[in-house]
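Quick notes on the structure that follows.
Number of protein chains: 2
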Amino acid sequence: MQPLYLEDLTVGQKFISRTQKVDAEAIKTYAREFDPQPFHLDGEAAKTSLFGGLAASGWHTASLTMRLIVDSVPLAGGVIGSGGELSWPRPTRPGDTLRVVTDVLEVIPSRSRPDRGMIVMRSTTLNQNDEAVQVFTPKVVVQRRRVGA
Amino acid sequence: MQPLYLEDLTVGQKFISRTQKVDAEAIKTYAREFDPQPFHLDGEAAKTSLFGGLAASGWHTASLTMRLIVDSVPLAGGVIGSGGELSWPRPTRPGDTLRVVTDVLEVIPSRSRPDRGMIVMRSTTLNQNDEAVQVFTPKVVVQRRRVGA
Chain A
69 MQPLYLEDLT VGQKFISRTQ KVDAEAIKTY AREFDPQPFH LDGEAAKTSL
119 FGGLAASGWH TASLTMRLIV DSVPLAGGVI GSGGELSWPR PTRPGDTLRV
169 VTDVLEVIPS RSRPDRGMIV MRSTTLNQND EAVQVFTPKV VVQRRRVGA
Chain B
69 MQPLYLEDLT VGQKFISRTQ KVDAEAIKTY AREFDPQPFH LDGEAAKTSL
119 FGGLAASGWH TASLTMRLIV DSVPLAGGVI GSGGELSWPR PTRPGDTLRV
169 VTDVLEVIPS RSRPDRGMIV MRSTTLNQND EAVQVFTPKV VVQRRRVGA
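Keeping their order, the protein sequence lines are chains A and B. For the first sequence, the residue numbers in the numbering used here are 69 to 217. For the second sequence, the residue numbers in the numbering used here are 69 to 217.
Spelled out as structure tokens, the structure:
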């Protein structure tokens, strides 16, 4: 993929990732390290939780989403966000196949820095039923092409 | 720690986590799996990036933060968020020692569900210099004590 600069980005542009299957083992492995709560570790214990069955940590969904964004949104200088609104409408479940659709919402050149700008993008992580498991709307720093280059 | 129900929570309540040191190897291991960009993988390559040196993925900081929240915010039924505003004012660096301070901002009983409510909390992840590396302000579902229990 050609690296994209601020000048290459337009509102409405869309990037679609490859798919990634998530199994129970991956959910538990992530949870053991970062979110060791019973509903992310043990299918039996999860039955009596709010989730009603084994569910991935939202942060696992977020981490998998980033992996798919890195492959699918080829920004020059990389994908570097400063944060944004994050929501998990439903959990990722064992056996789900995720993909990420990223839409460019705003393109904003910097007033003070001629070498960069910012975009607002929305990355929606969908499961195999086209249900959103995560929506993240970050501000992302994007390089401009060098003047004269 | 005694599990806390909605009735036990008040605006202004504060929870302080243990500390967690983060080394370069952990930063690279997370990045290889979830955010394989040069500035998270290679100190030399990172020098010419926006970060100016090796930096943890924001999602690694978020994952480590969740680990510290699980240990320090003892909600009955677990810590289950539906999302919120997330920001990374600066990156986590190799050698940083993180801790998380969580403040209760709002306590909201459910109108439709007598068994639960919601809190808004703010979890600020600080490094050893008391600089924020992440601020996350989620809505979290919290159980109420059973009537008659």
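In this text, a Cβ means the ideal position worked out from N, Cα and C, and glycines have one as well.
Within the same chain, show all residues whose beta-carbon is closer than 7 Å to that of residue i, passing over the 5 residues directly before and after it, in chain order.
| i | result |
| --- | --- |
| Trp127 of chain B | Phe102 and Asp103 |
| Phe119 of chain A | Phe107 and Pro159 |
| Ser117 of chain A | Pro106 and Phe107 |
| Ser125 of chain A | Tyr98, Ala99, Phe102, Asp103 and His108 |
Let's test the definition: count the other Cβ atoms within 10 Å of the Cβ of residue i and tell me whether it reaches 16, buried, or not, exposed.
| i | result |
| --- | --- |
| Ser180 of chain A | exposed |
| Gln202 of chain A | buried |
| Gly163 of chain A | exposed |
| Gly152 of chain B | buried |
| Ile137 of chain A | buried |
Residue i CB to nearest chain B CB: under 8 Å?
| i | result |
| --- | --- |
| Arg135 of chain A | yes |
| Ile148 of chain A | yes |
| Ser191 of chain A | no |
| Glu153 of chain A | yes |
| Gly126 of chain A | yes |
| Val209 of chain A | yes |
| Val138 of chain A | yes |
Taking the alpha carbon of residue i as the point to measure from, which residue in the options has its own alpha carbon closest?
| i | options | result |
| --- | --- | --- |
| Pro159 of chain B | B:Met189, B:Leu122 and B:Met186 | B:Leu122 |
| Leu207 of chain B | B:Lys82, B:Asp91 and B:Met186 | Strictly speaking, residue 207 of chain B in this sequence is Lys, with Leu absent from that position. When only C-alpha atoms are compared, the closest one is B:Met186. |
| Thr193 of chain A | A:Gly151, A:Arg86, A:Pro177 and A:Leu173 | A:Arg86 |
| Thr133 of chain B | B:Glu93, B:Ser150 and B:Lys89 | B:Lys89 |
| Ala92 of chain B | B:Val79, B:Gly149 and B:Ala114 | B:Ala114 |
| Ser140 of chain A | A:Thr165, A:Ala124, A:Asp171 and A:Leu154 | A:Asp171 |
| Thr129 of chain B | B:Val79, B:Val169 and B:Ile95 | B:Ile95 |
| Val209 of chain A | A:Arg167, A:Gly146, A:Glu153 and A:Gln196 | A:Gly146 |
| Asn197 of chain A | A:Ser155, A:Glu75 and A:Thr165 | A:Thr165 |
| Leu154 of chain B | A:Phe204, A:Tyr98 and A:Arg190 | A:Phe204 |
| Tyr98 of chain B | B:Phe83, B:Ile84, B:Ser131 and B:Ser117 | B:Ser131 |
| Gln105 of chain A | B:Arg190, B:Val168, B:Ser178 and B:Ala144 | B:Ala144 |
Residue i CB to nearest chain A CB: under 8 Å?
| i | result |
| --- | --- |
| Gly80 of chain B | no |
| Leu72 of chain B | no |
| Gly120 of chain B | no |
| Ser131 of chain B | yes |
| Val141 of chain B | no |
| Gly145 of chain B | yes |
| Val188 of chain B | no |
| Val85 of chain B | This sequence places Ser at residue 85 of chain B; Val is not what is there. Closer than 8 Å: no. |
What residues in its chain sit with their C-beta under 8 Å from that of residue i, if we drop five residues either side in the sequence?
| i | result |
| --- | --- |
| Ala200 of chain B | Pro157, Arg158, Thr192, Thr193 and Leu194 |
| Arg135 of chain B | Gln88 |
| Ile176 of chain A | Gly185, Met186, Ile187 and Val188 |
| Arg100 of chain B | Leu109 |
| Thr78 of chain A | Val172 and Val175 |
| Ser178 of chain A | Arg184, Gly185 and Met186 |
| Arg167 of chain B | Ile84, Ser85, Arg86, Thr87, Gln88, Leu136, Thr193 and Leu194 |
| Gly80 of chain A | Asp171 and Val172 |
Quick one: what's got a C-beta closer than 6 Å to residue i's C-beta in the same chain, skipping five residues either side?
| i | result |
| --- | --- |
| Ser150 of chain A | Lys207 |
| Pro142 of chain A | Met69, Pro71 and Leu72 |
| Gly111 of chain B | Leu122 |
| Ile148 of chain A | Val209 |
| Ile84 of chain B | Val169 |
| Lys82 of chain B | Asp171 |
| Leu74 of chain B | Gly185, Val210 and Arg212 |
Using a threshold of 7 Å, is the CB atom of residue i nearer than that to any non-hydrogen atom of the ligand FMN?
| i | result |
| --- | --- |
| Phe119 of chain B | Among the ligands in the structure shown, none appear at all, so the ligand FMN cannot be discussed. |
**Contact list for the stretch 88 to 106 of chain A against chain B, Cβ threshold 9 Å** = Correct list: Tyr98, Glu101, Phe102, Asp103, Pro104, Gln105 and Pro106.
**Asked** For the stretch 167 to 186 of chain B, which residues have a beta carbon sitting closer than 9 Å to at least one beta carbon of chain A?
**Response** Only those residues of the stretch 167 to 186 of chain B whose C-beta falls short of 9 Å from the nearest C-beta of chain A are listed: Arg184.
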